[in-house]
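Inspection log for the structure reproduced underneath, given as structure tokens.
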Amino acid sequence: MLLLIAVHYDILTAMKKTILIAGKDFPSGGDFADGMAHAGYNVVITGRAEAGNESGSSGSIVVASWNRPSSISARSLVLFAENAFGFVNETVLYFDASAYASQFTVLSPEECTRSLDTMISGYEYLAMETLSRLDQRKADGKLVFLLKSHPTMEGVLRSSSLRSSTAVPAGPFVSAAQAAFISFAENIAALAGDKADVSVVLVSCGEQNETSAKDGSLALWLAGYLSSMDNLKSKTGAKQAVNWVKPGAKGFGFLSRFHS
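So the mapping is simple: the working numbering equals the position in the sequence shown, first residue as 1, plus 779.
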């Protein structure tokens, strides 16, 4: 009972914050956005511009266009979120490898260019813009790298259990991008570890993780976890920041170097 009260309190403290969600575009990311709205956030999520605005159950959800290969679009996206709700407290870069696996199945020069734009450069431009904006405003904020990993072709080849449970494994482009996302996230966490006004949070899970099975429950857990960080007396250092958190951890400090 006390745990439920504590979780409820943590979620309530997140109210009136604004979160920018990028990578799992609306409408695919709708459940995640709605979960954050339930937790009390104002939400800006990337997606098709024609999708318009959506109304969350306990917060406002706005859909914003994002041209991933453009650094200018990354800046415009951050400014749009600020204009919509004010200061952006938290930004989530959501890499869903299982979703990408079915989108990138052809090995061709054109697909290579599209994969670089979609799964690598877009995330990196937006991460840099987020850090730059936080530095300009001298205000506390969080940058979250959220990875839903997916078995690769190489992994499926080596494992009979993965072979039987994976319909579409991650091909060369998605596998490379997944590895790039992990490396970029860890090194951004190391780089920003000593910055007073920014916290980098690394969250990773596999398909067997119960909390992340549904995006709505994943969002509610993340909202509570980020809120628990606000209650820390001092910011964590770079050595702790480079560790990955498993969804389902009860609060800040339950860390794992590897995703599952």
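No residue lacks a Cβ here, since even glycine has one placed at the ideal position from N, Cα and C.
Boundaries of the alpha helix (DSSP H) harbouring residue 862: 850-864, taken from the DSSP string.
Boundaries of the beta strand (DSSP E) harbouring residue 798: 797-805, taken from the DSSP string. Taking residue 845 as the centre and dropping the five residues before and after it, the same chain places the C-beta of 801, 825, 852 and 856 closer than 7 angstroms to its C-beta, in chain order.
When the five nearest sequence neighbours on each side are left out, the beta carbons in the same chain lying within less than 6 angstroms of the beta carbon of residue 839 are those of 821, in order along the chain.
Taking all protein chains shown into account, residue 870 has 16 or more neighbouring C-beta atoms within 10 Å of its C-beta and is therefore buried. For the pair residue 990 and residue 996, the CB atoms are nearer than the 7 angstroms cut-off.
For residue 1027, no beta strand (DSSP E) segment is defined, and its DSSP state is neither H nor E. With a cutoff of 7 angstroms on beta-carbon distance, residue 920 and residue 977 are scored as near each other. Inclusion of residue 863 and residue 823 in the CB contact set at 7 angstroms is warranted, their separation being smaller than that value.
Remark: C-beta atoms of residue 909 and residue 847 do not approach each other more closely than 7 angstroms. Counting C-beta atoms within 10 angstroms of its own C-beta, residue 865 has fewer than 16 neighbours from the protein chains shown and is therefore classed as exposed. In chain order, 947 and 950 place their CB closer than 8 angstroms to the CB of residue 884, counting only its own chain and leaving out the 5 sequence neighbours on each side. By the C-beta density criterion, residue 930 is buried, having at least 16 other C-beta atoms within 10 angstroms. Residue 873 is bridged by DSSP to 925.
Distance from the CA atom of residue 994 to the CA atom of residue 812, rounded to whole angstroms, is 8 angstroms.
Per DSSP, the beta bridge partners of residue 931 are 949. A direct Cα-Cα distance of roughly 21 angstroms separates residue 1010 from residue 816. Burial is judged here by how many other beta carbons sit within 10 angstroms of a residue's own beta carbon; residue 966 has fewer than 16 and is exposed.
For residue 999, the closest alpha carbon among the candidates 1008, 968, 797 and 810 is that of 810. Rounded to whole angstroms, the gap between the alpha carbons of residue 892 and residue 960 is 16 angstroms.
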